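Before any comments, here is the structure.
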Amino acid sequence: MKVTKKDLENVAVLSRLRVPEDKQETYIQQMDAILTYMDNLSEVDTENVKPTTYALPMSNVFREDEVKPSLDREAALSNAPLKENGYFKVPKVLED
Amino acid sequence: MNYEAVIGLEIHCELKTKTKIFCGCATGFGADQNTHVCPVCLGLPGVLPTINKRVVEFAIKAGLATNCEINKYSKFDRKNYYYPDLPKNWQTSQYDLPICEHGWVDIDTSEGKKRVRLTRIHMEEDAGKLVHSGTTIKDSISSDVDYNRTGVPLLEIVSEPDMHTAEEARVYMEKIKAIMEYIDVSNCRMEEGNLRADVNVSIRPEGSDQLGTRTEMKNINSFKSLEDAINYEIERQTEVLEDGGHVVQETRTFDPARGITLSMRSKENAHDYRYMPEPDLPPIITSDETIEKYRSELPELPDARRARYEKDYGLSDYDAGIITSTRAMAEYYDAVVATGADPKLAANWIMGDLSKNLNEEAIDITKSPVDAKRLGDMILLIMKDTISGKIAKKVFKEMWTNPEAPEKIVKDKGLVQITDTSAIEPAVDAAIAANPKAVEEYKGGKKKALGALVGQVMKATKGKANPQMVNKMLVEKLK
Ligand SMILES: [Zn+2]
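Read top to bottom, the protein sequences are chains A and B. No gaps in the numbering here: position 35 of the first sequence is 35 in our numbering, and each next residue is one more. No gaps in the numbering here: position 159 of the second sequence is 159 in our numbering, and each next residue is one more.
Below you can see the structure in the form of C-alpha cells.
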C-alpha cells in the first residue's frame, strides 16, 4: 500500500477537512486505488513529449487595461455569512 | 568564530495599471472597503479571469531593465493556501515558467561595486487586507476583510542569496526601486505598500560554502526596517549558534517599533502550496518582435544616465550615482542643467543645500519649494559673478520661503556682488591697516596669512565683495 495514514492526515490538514476515524481506512484504500490507476500512465514512454501545461490550443488571451464597473458593495457582501461595516467578517485567523 | 550572513530578497512591486490583473476593477489606493470588487476578484464560482495586457508589458519591461532573459513561453499557476485575504483559497502566480529569469543589477556599496543576480521575476495577484479586531492578529477574536487590493497586479522580483550585509540588501532594494521608477511601472510608494520585501537571512562560518538554516521576515516596507531586521537577525542567529543551539527555519515578524524579530510560532509555517497549472489562463507566448518593441520603449536607465553624466558633464562616479539614484532627482538635475547652469555647480547644489533642506523637512524633490528653474537661475547668477558662492547660500535660504525669482531676491535684499574696485578698496586698506601681524606674516612668506585679510574684507562688505577680486587687490597692495 502506497498511501499511509500519515498521508491522509496531511491531505486532510491541507484541505481543512476532518476525516472521521471510522472512514479513514476506506479513504486510504480509495486514494491508493486512484494513485495505482494513475501509475499506469507512467508506463507510457514520454521521453520526447513536452509536459502539457494547458490543454487547449490557445495562447495570449489579453484584456486591455480599461476600468469596468465593479460590483455594488451590498451585492458583493450579500452572500457573506458574516459582515461588518462594509467588510467581510472572518473568525479568528491564527491559533494561539 | 566569525560568521558571514547570506541574504536574499523577494521584492513585491505593485504595478501602476488602471485595473487589476485579471478583471476590470480599478486599482486606486484609498477607496472605501470592498468597492473595487467583482465576481472575478472575489473568486465566485464559474468566473473566468483574463490577463491584463499591461501587466505582461510591465513585467517584460522590468525584466529587460534588470538584464533578465524573457521566457518565450510563460504560464500561470495556482499557489494553494488558506488565508482569509485570498477569497479563492489560491493565489494566481507563476511557478516553473515565470515571465523573466536570470537577470542581474549592479549596486554601489561602501565596499565598492557589486553585482546581485536575479533568479526570476514573475507576475501574480496581490491579496486583500485584514483589519484585526484586537491589537495583534493573535489576540483578535475576528478580523474584517477588504478585498479591494485582491487582484492588484504584482511583480515578485527574486534575488539570488548574493548579499552579505544589511547595507547591501538596502542598496539592492533601492536600486530595484529606482529601476521600477525609471521604467514607470510602479509608483513605488513604500508607505502605501507598493514596494515591500520578504527577506531571507542565514549565517555560516566565514569561508564556508554551505548555506545555514534561514529565517524569513515578511512584508518589510521601509529601508530602515530592512536594515534593522537583517542586523537583528544576524545578531540573534549568531548568539543561537554561539550558545551551541541551532537556527530554526521559520517565518518571523519584524516589529519596527522595538527593532526586533519575533517567531510567529504558528502551524501556518508548515506550507505545502501544491502548485498546479492554472487551467483558466492560457499561456503567454512572447515573440522576439514584442520583446524588441518593449525594449525600444524603455527610457534611459539609471546606469546609462550615470555614465552619460560622467562623460558629458564631467561628474564624478559618486556624484553621478547619487543624482541618478532616483528618477525624480535625475529629472530635477536635467531641468537645472537645461537652464544653462554649470552641470558641476548644479550637482553640488542639489547634493548640498537642496538635499539638506529637503531631508530636514522630509519634502519630496518633486515638491521642492525651490524648483529646478529657480535653482538654475540662481546658479546663472553665480556664473555671471552677480553673486558669490557664499552669498548664494543666503539667496538659496531666502528662496526656500520666498517664491520670487532669485534675481529679484538678490536686488531686493541688496546682495549683488561688489565688483567695483573703488568700492572695495577702502575695505582692503582698512583690513591691511588693522592687521599688521597678518601683513607681516604674509610678507615674511606665509602665504596663508592672506586668507585672514580676505576674510576681514569680506566681513566688512557683508560678504558682497567678489572674493577673487579682493584676493587680487590684496596681493597687489602687499607687493
Ligand atoms: Zn474585480
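The beta-carbon is built from N, C-alpha and C at its ideal position, and this holds for glycine as well. Just so we're clear, the structure is a prediction, and the values are computed from it rather than from any experiment.
query, result
"Can you check whether the CB of Ala449 of chain B is closer than 7 Å to the CB of Ala431 of chain B?", "no"
"Compare the C-alpha of Glu14 of chain B against each of B:Phe223, B:Pro406, B:Cys188 and B:Thr419 and name the closest.", "B:Cys188"
"If you draw a straight line from the alpha carbon of Gln456 of chain B to that of Glu441 of chain B, how long is it in whole angstroms?", "16 Å"
"If distances are taken between C-alpha atoms only, which option among B:Thr66, B:Gly63, B:Glu125 and B:Leu358 comes closest to Ser93 of chain B?", "B:Glu125"
"Can you list the residues of chain A that Tyr82 of chain B reaches, using a CB-CB cut of under 7 Å?", "Arg16"
"Which complete beta strand (DSSP E) runs does the stretch 79-145 of chain B hold, if anything under 3 residues is left out?", "90-93, 100-109, 112-125 and 129-132"
"Is the stretch 75-93 of chain A in contact with the stretch 30-38 of chain B, if contact means three or more CB pairs nearer than 8 Å?", "yes"
"According to the Cβ coordinates, are Ser222 of chain B and Met173 of chain B closer than 7 Å?", "no"
"Are any of the Cβ atoms in chain B nearer than 7 Å to that of Val67 of chain A?", "yes"
"Considering only residues of the same chain and omitting the five flanking positions on each side of Asn71 of chain B, which have a CB-CB separation below 8 Å?", "Leu97, Pro98, Ile99, Cys100, Glu101 and Thr286"
"How about Val40 of chain B: is its Cβ closer than 6 Å to a heavy atom in ligand 1?", "yes"
"When Cβ atoms are compared, which residues of the stretch 40-67 of chain A fall closer than 8 Å to chain B?", "Thr53, Tyr54, Ala55, Leu56, Met58, Ser59, Asn60, Val61, Phe62, Arg63, Glu64, Asp65, Glu66 and Val67"
"With a CB to CB cut of under 6 Å and the five nearest residues on each side skipped, what residues in its chain are close to Asn200 of chain B?", "Gly8, Arg214 and Glu216"
"Between Gly63 of chain B and Gly103 of chain B, what straight-line distance do the alpha-carbon atoms span, to the nearest angstrom?", "7 Å"
"Please list, in chain order, all residues of the same chain as Glu268 of chain B whose beta carbon is under 6 Å from its beta carbon, the five residues on each side excluded.", "Reliability of the predicted coordinates at Glu268 of chain B is poor, the pLDDT of 47 falling under 50, and the value obtained from them is presented with this limitation in mind. Closer than 6 Å at the Cβ level, and outside the excluded window around Glu268 of chain B, lies no residue."
"Can you check whether the C-beta of Ser78 of chain A is within less than 7 Å of a C-beta belonging to chain B?", "no"
"In the DSSP assignment, what are the bridge partners of Cys13 of chain B?", "B:Leu155 and B:Leu195"
"Using C-beta distances below 8 Å, list every residue in its chain close to Tyr81 of chain B, excluding the 5 sequence neighbours before and after it, in chain order.", "Asn89, Trp90, Gln91, His271 and Tyr273"
"Beta strand (DSSP E) containing Met38 of chain A: first to last residue?", "Note, Met38 of chain A: premise wrong, no beta strand (DSSP E); alpha helix (DSSP H) at Gln24 to Asp39."
"Rank B:Glu181, B:Ala5 and B:Cys41 by C-alpha distance to the C-alpha of Lys20 of chain B and give the top, closest one.", "B:Cys41"
"Is Cys25 of chain B close to ligand 1? I mean its beta-carbon at under 6 Å from any heavy atom of the ligand.", "yes"
"Please report the Cβ distance between Asp65 of chain A and Asn52 of chain B, rounded to the nearest whole angstrom; I am assuming they are in contact, meaning their Cβ atoms lie under 8 Å.", "5 Å"
"Considering only the beta carbon of each residue, do Tyr294 of chain B and Ile121 of chain B sit closer than 7 Å?", "no"
"So which residues of chain B does Tyr87 of chain A contact, with C-beta pairs closer than 8 Å?", "Gln33, Asn34, Val131, Asp144, Val145 and Asp146"
"Determine the chain A residues that contact Pro282 of chain B at a beta-carbon separation under 8 Å, and present them in chain order.", "Tyr54, Leu56, Met58, Ser59, Asn60 and Val61"
"Under three-state DSSP, which class holds Met217 of chain B?", "strand"
"Just to confirm before moving on: does the CB-CB distance between Arg170 of chain B and Glu227 of chain B stay below 7 Å?", "yes"
"Please classify Glu360 of chain B: is it buried, with 16 or more other beta-carbons within 10 angstroms of its beta-carbon, or exposed?", "exposed"
"Within 7 Å of any Cβ in chain B, is that where the Cβ of Val90 of chain A sits?", "yes"
"If you compare alpha carbons, which of B:Ala304, B:Ala362, B:Tyr73 and B:Ala347 is closest to Pro50 of chain A?", "As written in the sequence, residue 50 of chain A is Lys, which differs from the Pro given in the question. For Lys50 of chain A, the nearest C-alpha among the options comes from B:Tyr73."
"DSSP has Glu84 of chain A in a bridge; who is on the other side?", "A:Tyr87"
"Just to confirm the assignment, what range does the beta strand (DSSP E) spanning Arg252 of chain B have?", "Glu250 to Asp255"
"Where does Asp162 of chain B land, buried or exposed, given buried means 16+ other C-beta within 10 angstroms?", "buried"
"To the nearest angstrom, report how far apart Asp146 of chain B and Gly314 of chain B are at their CA atoms.", "52 Å"
"Report yes or no: is there a C-beta of chain B within less than 7 Å of the C-beta of Val3 of chain A?", "no"
"Figure out for me which residue from B:Leu381, B:Lys384 and B:Asp353 has the closest Cα to the Cα of Pro369 of chain B.", "B:Asp353"
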